[in-house]
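As given, the protein sequences belong to chains A and B, one line each in that order. With the first letter of the first sequence counted as 1, position 157 gets the number 156 in numbering that gives the first Met the number 0; the numbers rise by one all the way through. With the first letter of the second sequence counted as 1, position 194 gets the number 193 in numbering that gives the first Met the number 0; the numbers rise by one all the way through.
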Amino acid sequence: MNKSFVLTAAIRGAALLAAVTVAGCGSEEVSAALPSKAVVGEPAPAFTATDANGKAISLADFKGKPVVLEWTNPGCPFVRKHYDSGNMPATQAKALGKDVAWVTIQTSGDADALSDLTSWQGDKKSAPTTSVIDADGSLGRTYGARTTPHMYIVDAAGKLVYAGAIDSVPSADADDIEGATNYVNQALDETLTGKPVSKAVTEPYGCSVKYPG
Amino acid sequence: MLERFRIIGFPMQSRSLAFLLMTVASGVQASGTESAAVVTEHTRASLITDAQQDVVAGGEITVGLQLEHQPGWHSYWKNPGDSGLPTTMRWTLPTGVVAGPIAWPTPAQFRDGPLLNFGYGGAVLLPVRITIPADFKADVLEIGVRARWLVCAEICIAEAGEFALRLPAGKAVAQERLPATNDAFARTQARFPIDLGGIVPARVTGTQVVFSMAQLPEAYRGKDLELYPETGGVVDHSEPVLQAWAERSWTARLPVSPQRSESPEFLDIVVKLPGEPSGSRIRLQIEGWSSP
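Listed below in structure tokens is the structure:
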């Protein structure tokens with residue numbers, strides 16, 4: 000169920016050197032230059048990843064359904080707040096139940112990151128559509144990922160419609176979840192019923208994304 | 000309790016860790032100028048009072064959460080920057096006694112790869128003004144606070160503590176207290192940003208907020224300054240701020256975050272020379288935000 004893809008780290012060799020391409024829509028002429036940054040209201044930057052078996056996946060594979068991108072790090076207390084409480088797995092299950100794709104991403108240069116992530120997800124009963132290790136940080140930089148968690152929603156047409164926090168109460172205390180507004184649930188409900196997302200950008204909170212290098 | 004502190008000895012840096020751990024383990028309730036401390040592997044935290052001030056009806060006193068970080072660890076400012084979390088305090092006070100907001104000292108920058116944070120390493124005191132009502136009649140002012148703070152180095156730990164102070168009220172007790180806490184408040188006074196007053200007009204131009212001003216201190220002239228926006232969700236903190244001097248006039252171009260969540264009319268920014276403990280606060284009035 001839990002397909003896992005590695006962006007670059009698993010085989011740090013020549014084969015995967017060009018495995019990740021992050022391209023901004025309409026910026027093909029810049030080719031190898033810096034990709035365009037993710038901006039809410041504009042097409043989400045495309046990305047292509049290769050799994051450990053060499054099979055390519057891309058954001059475009061999910062076209063026609065909304066996609067949630069979730070930056071995570073199992074060692075971060077803010078992530079643990081939302082996993083130990085069951086809040087994030089429940090948010091995932093709710094989204095998948097509405098035919099939304101969910102991509103969990105960890106930016107990490109650690110060679111063991113993928114196996115650590117997937118075994119931890121198993122413990123927490125987390126079953127995203129797929130999980131990805133952003134080994135060189137390029138995906139994180141393109142999306143402007145700053146915190147774990149940091150959440151993004153791409154709508155069925157490929158437009159970025161949400162960027163920000165999981166919910167409205169910035170804290171590391173699970174007791175605060177009950178009184179918080181879950182921005183991902185709210186934005187998915189809105190986008191799935193054809194409404195504009197009322198809170199399209201919020202300030203994310205959490206640990207720093209661990210960029211390699 | 001005061002005597003005991005004297006025996007242990009000030010200044011604070013010389014107090015032994017063994018004693019501090021004992022304090023926590025035994026749950027000893029300190030009275031006077033410092034609460035019992037909470038000591039973790041990364042932080043020593045306590046609530047202290049400014050010994051210069053007496054507890055009288057209709058008056059006010061200043062207390063403060065003192066955080067002493069282990070080397071390499073830091074906690075966060077009111078705007079933590081790209082990640083992190085500001086320290087918070089939830090007060091338990093007698094009826095009519097009111098706690099104000101945290102008076103945040105000037106922070107420092109902490110760079111983490113492509114990300115930038117604002118906070119405090121070493122020791123920091125976060126002062127809060129407590130206002131006592133005119134009809135306050137108790138002999139003792141009991142102050143309780145639950146503080147939460149995030150300390151980060153390579154990793155982050157969410158820490159919290161409950162602190163209590165019992166302060167004799169209605170009489171002059173300042174002379175009985177100890178000098179070290181006074182020093183902490185005096186040192187912090189020197190770390191508050193100085194409000195330059197007035198409003199600096201700023202305009203959104205493309206992906207930048209551009210403004211010029213001539214009110215900055217003489218010592219800043221010609222230098223590259225650090226900028227600390229007091230509100231998050233506006234500025235791309237980790238991007239360099241393009242800045243230029245022309246005689247006394249300083250022009251800065253703040254990079255707007257590609258994922259901006261706020262469009263404030265007014266934005267307070269602390270500006271300082273790198274390495275200086277204190278800065279200056281300026282208030283921008285920003286025109287030209289595009290929707291939303």
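Every residue gets a Cβ at the ideal spot worked out from N, C-alpha and C, and that includes glycine. Owing to the predicted nature of the structure, the values given are computational and were not obtained by experimental measurement.
Query, Result
"Quick one: which chain A residues come within Cβ less than 9 Å of Q65 of chain B?", "The premise fails here: Q65 of chain B is roughly 21 Å from chain A at the closest Cβ pair, so nothing lies under 9 Å."
"Beta-carbon of P257 of chain B versus every beta-carbon of chain A: anything under 8 Å?", "yes"
"To the nearest angstrom, how far is the alpha carbon of N184 of chain A from that of L149 of chain B?", "27 Å"
"Which bits of chain B does E69 of chain A rub up against, with CB to CB less than 7 Å?", "The contacting residues do not exist; E69 of chain A stays about 16 Å from chain B at best."
"Can you check whether the C-beta of S82 of chain B is within less than 8 Å of a C-beta belonging to chain A?", "yes"
"Pair every Cβ in the region 171-188 of chain A with every Cβ in the region 70-89 of chain A, then say whether three or more of these pairs are closer than 8 Å.", "yes"
"Considering only residues of the region 120-163 of chain A, which uninterrupted beta strand (DSSP E) runs meet the minimum length of 3 residues and lie entirely inside it, listed in chain order?", "129-133, 149-153, 159-163"
"Name the chain B residues that come within less than 8 Å of S84 of chain A, Cβ to Cβ?", "Result: empty, since nearest Cβ-Cβ is about 14 Å, beyond 8 Å."
"Per the DSSP calculation, M88 of chain B is bridged to which residue(s)?", "B:A146"
"Distance check for P132 of chain B and A186 of chain A, CA to CA, integer angstroms please.", "46 Å"
"Would you check if the distance between the CB atom of D188 of chain A and the CB atom of P65 of chain A is smaller than 8 Å?", "no"
"Where C75 of chain A and C155 of chain B are concerned, what is the direct C-alpha to C-alpha distance, given to the nearest angstrom?", "7 Å"
"Which stretch, first to last residue, makes up the beta strand (DSSP E) that contains Y75 of chain B?", "74-80"
"State buried or exposed for A134 of chain A, treating a residue as buried only when at least 16 other CB atoms are found within 10 Å of its CB.", "buried"
"Evaluate contact between the region 195-214 of chain B and the region 242-262 of chain B, counting only Cβ atoms and requiring at least three cross-stretch pairs below 8 Å.", "yes"
"Identify whether N184 of chain A lies in helix, strand or coil by the three-state DSSP scheme.", "helix"
"Given this structure, state the Cα-to-Cα distance separating A243 of chain B from Q108 of chain B, to the nearest angstrom.", "21 Å"
"For the putative contact between P167 of chain B and D194 of chain B, defined by C-beta atoms under 8 Å, what is the C-beta separation to the nearest angstrom?", "That belief does not hold up - the Cβ atoms of P167 of chain B and D194 of chain B are roughly 34 Å apart, past 8 Å."
"Taking 8 Å as the threshold (beta carbon to beta carbon), is G25 of chain A in contact with chain B?", "The predicted position of G25 of chain A is uncertain, since its pLDDT is 33 and thus under 50; a value taken from the coordinates is nonetheless stated next. For G25 of chain A, the answer is no, since every Cβ of chain B falls outside 8 Å of its Cβ."
"Note down the Cα distance separating D267 of chain B from R282 of chain B, rounded to an integer number of angstroms.", "4 Å"
"Looking at chain B, which residues of the region 87-115 of chain A have a Cβ within less than 9 Å of any of its Cβ atoms?", "none"
"What does P76 of chain A touch in chain B if you count any residue whose Cβ is under 7 Å from its own?", "C155, I156, A157"
"Using only CA atoms, which one of B:E40, B:E59, B:P106 lies nearest to P228 of chain B?", "B:P106"
"Taking only beta-carbon atoms, is D49 of chain B less than 8 Å away from chain A?", "no"
"Which class does I285 of chain B belong to by DSSP, given the choice of helix, strand or coil?", "strand"
"Pairing CB atoms from the region 122-129 of chain B with CB atoms from the region 82-99 of chain B, are three or more of them under 8 Å?", "yes"
"Would you decide whether E286 of chain B is buried or exposed? Buried here means 16 or more other CB atoms lie within 10 Å of its CB.", "exposed"
"Ignore the nearest five residues each way along the sequence and tell me which others in N78 of chain B's own chain have a CB closer than 8 Å to its CB.", "P85, F117, Y227, P228, E229, T230, G231"
"Going by beta carbon distance, what residues of the same chain come within less than 8 Å of G178 of chain A, once the five residues before and after it are set aside?", "V168"
"Could you name the residues of chain A that G112 of chain B contacts, counting a contact when the two beta carbons are closer than 9 Å?", "G136, S207, V208, K209, Y210, P211, G212"
"Can you give me, in chain order, the residues of the region 134-153 of chain B that have a beta carbon less than 9 Å from any beta carbon in chain A?", "R147, L149, C151, E153"
"Taking a Cβ distance cut-off of 7 Å, strictly less, list which residues of the region 219-236 of chain B are near chain A, in chain order.", "G231, G232"
"What's the C-alpha gap between E158 of chain B and A156 of chain A?", "42 Å"
"Whose CA, out of B:G197, B:Q258, B:V54, lies closest to the CA of I142 of chain B?", "B:V54"
"Along the chain, which unbroken stretches of the beta strand (DSSP E) at least 3 residues long are found entirely within the region 189-231 of chain B?", "199-204, 207-212, 225-228"
"Going along chain A, which residues have a C-beta under 8 Å from S260 of chain B?", "G163, V200, T201, E202"
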